[in-house]
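Worksheet: one structure, shown below.
In this note's numbering, the protein residues as written are 14 to 385.
Right under this line is the structure:
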């Protein structure tokens with residue numbers, strides 16, 4: 014029986030090689046009928062034999078009766094692998110769709126600033142320059158760090174024209190129709206998510222660019238990636254000067270927002286990956302960090318929150334590494350209160366410098382009187 018099965022499995026190949034189309038012999042016919050096959054008088058018997066042979070082989074495979082094809086399943090899993098998905102995601106072009114979203118959100122934040130609308134009415138050139146800083150400030154800072162021409166990116170006419178069109182529509186569209194459309198929360202969340210895609214890609218490109226100039230300059234790569242991701246906020250004081258506002262207490266270094274902190278941590282991760290200390294492919298790291306940034310930023314925007322997901326971790330780590338800021342302030346207040354004398358308001362209001370000078374002046378007068 015086993016020998017006949019071998020002969021019958023090889024039969025269609027032999028028939029195909031000789032070009033014959035007659036029915037198989039009797040013994041083989043009975044074996045086919047015992048397997049559930051049909052041998053009809055219709056022409057094309059060889060084709061029927063091949064189809065029934067394949068169906069018999071499929072019935073012997075695992076998962077019989079469920080219509081499951083293991084080869085197709087493996088192909089599907091390989092197509093859905095994280096590496097291929099991350100590689101495809103890293104190759105998605107940013108211009109014009111993602112860049113347009115980046116410009117929209119950046120200029121929206123400019124319009125939220127106090128006095129920005131009045132500035133656009135009275136000084137449109139200054140407003141346009143502020144908008145360009147919001148859109149391209151990261152490129153300007155990165156060029157400054159790497160010693161390249163600051164105005165080099167402004168040779169990209171398509172990006173400048175696209176950003177200028179967004180600025181005009183947000184500030185000067187009739188009835189503020191464009192502004193109202195892009196401020197609609199579901200639409201705004203989509204633009205915010207797409208902006209974070211651009212941010213992460215800029216961090217990766219900035220570190221790759223800095224690595225070509227300084228192969229072992231870790232801090233140069235981290236600084237370049239950081240300003241690529243958050244250059245707009247780091248240039249906030251310069252942008253305020255263009256609007257005629259000077260608020261040095263709002264320095265981004267003193268009060269880091271979530272995008273600034275995330276860009277710094279992301280620059281460290283991409284630097285480790287660029288220098289082969291992080292065993293992850295660049296495409297996978299771009300995909301994972303982009304998903305983290307998109308989810309966090311969309312959640313913060315939807316809930317109108319100004320907190321940071323890093324606050325919980327920093328609350329535990331920073332006191333251990335750098336000491337407690339509240340304890341230092343408390344010690345300073347107690348020290349000042351002990352010198353300020355007794356009184357209900359002395360711990361909260363230290364003794365002013367003028368009163369100390371008056372006391373010293375009074376003591377000197379007493380000494381001179383005694384000497385006289």
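The C-beta atom is built at its ideal place from N, Cα and C for all residues, glycine as well.
Quantities reported herein were computed from a predicted structural model and do not represent experimental measurements.
Around the beta carbon of residue 180, a 10 Å sphere encloses 16 or more other beta carbons of the protein chains shown; the residue is thus reported as buried.
DSSP places residue 319 in the coil class of the three-state scheme, outside both helix and strand.
By a beta-carbon distance limit of 8 Å, residue 176 does not contact residue 240. Their separation comes to about 19 Å.
The C-alpha of residue 216 is placed about 31 Å away from the C-alpha of residue 137. It is roughly 35 Å from the alpha-carbon of residue 274 to the alpha-carbon of residue 135. Using a 10 angstroms sphere on the CB of residue 224, the tally of other CB atoms reaches 16 or more, which defines it as buried. Using a Cβ-Cβ distance cut-off of 8 Å, the region 183-191 and the region 241-257 are not in contact, since fewer than three pairs of beta carbons, one from each stretch, lie closer than that value. For the pair residue 250 and residue 261, the Cα-to-Cα distance works out to about 7 Å. Excluding its 5 nearest sequence neighbours in each direction, residue 307 has C-beta neighbours in its own chain below 6 Å: 206 and 209, listed in chain order.
In this structure, residue 204 sits near residue 114, with a CB-CB distance shorter than 8 Å. DSSP places residue 289 outside both helix and strand once states are collapsed to three, so it counts as coil.
In this structure, the CA atom of residue 122 is about 26 Å from the CA atom of residue 301. Counting every other CB atom within 10 Å of its CB across the protein chains shown gives residue 280 a total of 16 or more, marking it as buried.
The beta carbon of residue 236 sits closer than 7 Å to the beta carbons of 158 from its chain, once the five residues preceding and following it are set aside; these are given in chain order. Residue 146 and residue 199 have their C-alpha atoms roughly 26 Å apart.
Between residue 286 and residue 234, the C-beta gap is not smaller than 8 Å, which leaves the two residues out of contact. Secondary structure of residue 332 (DSSP, three-state): helix. Residues of the same chain with a CB within less than 6 Å of the CB of residue 125, apart from the 5 flanking positions on each side, do not exist. With fewer than three CB-CB distances shorter than 8 Å, the region 288-297 does not count as touching the region 160-170. Here the alpha carbon of residue 316 sits roughly 10 Å from the alpha carbon of residue 310. With a beta-carbon spacing of about 7 Å, residue 95 and residue 297 fall inside the 8 Å limit used to define contacts. At the C-beta level, residue 195 and residue 117 come within 8 Å of one another. Rounded to the nearest angstrom, the Cβ distance from residue 284 to residue 220 is 6 Å, consistent with a contact under 8 Å.
Distance between residue 247 and residue 101, taken at the CA atoms: about 32 Å.
Between residue 174 and residue 328, the alpha-carbon positions lie close to 44 Å from each other. By the neighbour-count definition (other C-beta atoms within 10 Å, threshold 16), residue 108 is an exposed residue. Close CB contacts of residue 148 within its chain, under the 6 Å cut and outside five residues either way in sequence, are with 116, 119 and 176 (chain order).
Around the Cβ of residue 303, a 10 Å sphere holds 16 or more other Cβ atoms; the residue is buried.
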